[in-house]
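In what follows, a single structure is set out as structure tokens and then discussed.
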Amino acid sequence: MSPPFFQLPSELKLYIYELVLDDSRGIELSKDTKVPEPPVALACRSFRAEILPFFYRGSTFRVASIPLLRTFLEQLGPERAARLTDLRLKRSFWSWDRRWPCIEGVVLPEGALKIEIYDSGVQEWVWMDRPQFEKFWAGLVNYHVM
Numbered sequence: 001m002s003p004p005f006f007q008l009p010s011e012l013k014l015y016i017y018e019l020v021l022d023d024s025r026g027i028e029l030s031k032d033t034k035v036p037e038p039p040v041a042l043a044c045r046s047f048r049a050e051i052l053p054f055f056y057r058g059s060t061f062r063v064a065s066i067p068l069l070r071t072f073l074e075q076l077g078p079e080r081a082a083r084l085t086d087l088r089l090k091r092s093f094w095s096w097d098r099r100w101p102c103i104e105g106v107v108l109p110e111g112a113l114k115i116e117i118y119d120s121g122v123q124e125w126v127w128m129d130r131p132q133f134e135k136f137w138a139g140l141v142n143y144h145v146m
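First residue of the sequence shown? That's 1 in full-length UniProt numbering, and the numbers climb one at a time after it.
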């Protein structure tokens with residue numbers, strides 16, 4: 001028999017997830033940050049499996065450097081990384097015309113994953129669709145800091 005929570009209507013569970021996973025401040029990642037998970041995910045395995053996709057899809061992750069972003073995405077793994085929808089990256093590398101942020105020659109294309117590039121309070125947006133995100137992911141995995 002499943003816990004009573006899992007017998008609630010889907011609409012009610014989604015509303016509860018929104019309340020529990022309120023991400024008004026975003027999640028700032030640092031070199032000591034492990035892959036974040038909401039504390040409520042510790043309640044039970046079934047609840048964790050159900051709530052984590054909502055957490056990664058609905059949270060804003062702020063990253064200050066390319067190496068840190070690479071580490072974060074490696075720890076997440078492709079399945080969880082594919083659920084990200086809002087990633088904020090500090091501007092560090094730019095293409096020759098300063099229009100697109102670059103990671104070791106990989107230009108971030110336009111699409112459906114929202115990536116905010118921020119520098120000194122200036123915000124710019126880049127969008128990526130999922131197939132292009134896979135290329136971005138591959139570029140980060142192969143990125144090495146000298």
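We treat Cβ as the ideally placed atom computed from N, Cα and C, and that holds for glycine.
- According to DSSP, residue pairing for Glu-28 in a beta bridge involves Arg-62.
- Separation of the CB atoms of Phe-54 and Leu-21 is rounded to 6 Å, and the pair is thereby assigned contact status at 8 Å.
- Annotated three-state conformation of Leu-8 is coil, per DSSP.
- With a cutoff of 8 Å on beta-carbon distance, Glu-37 and Leu-52 are scored as near each other.
- Judged by DSSP in its simplified three-state form, Leu-87 adopts strand.
- Using a C-beta cut-off of 8 Å, the segment 20 to 35 makes contact with the segment 71 to 79, since at least three inter-stretch Cβ pairs fall below that distance.
- In this structure, the straight-line span from the alpha carbon of Ala-81 to that of Tyr-56 is close to 8 Å.
- Around the CB of Ser-59, 16 or more other CB atoms lie within 10 Å, so the residue is classed as buried.
- Taking each of Tyr-17, Val-63, Asp-86 and Glu-11 in turn and checking the Cα distance to Ala-41, the smallest one comes out for Tyr-17.
- Taking the Cα of Pro-3 as reference, the smallest distance to any Cα among Ser-46, Arg-25, Leu-12 and Glu-11 is reached at Ser-46.
- Proximity to Leu-89 across Pro-9, Gln-7 and Val-63 peaks at Val-63, based on C-alpha coordinates.
- Counting only the Cα atoms, Val-35 lies some 6 Å from Leu-76.
- With 16 or more other Cβ atoms inside 10 Å of its own Cβ, Phe-61 counts as buried.
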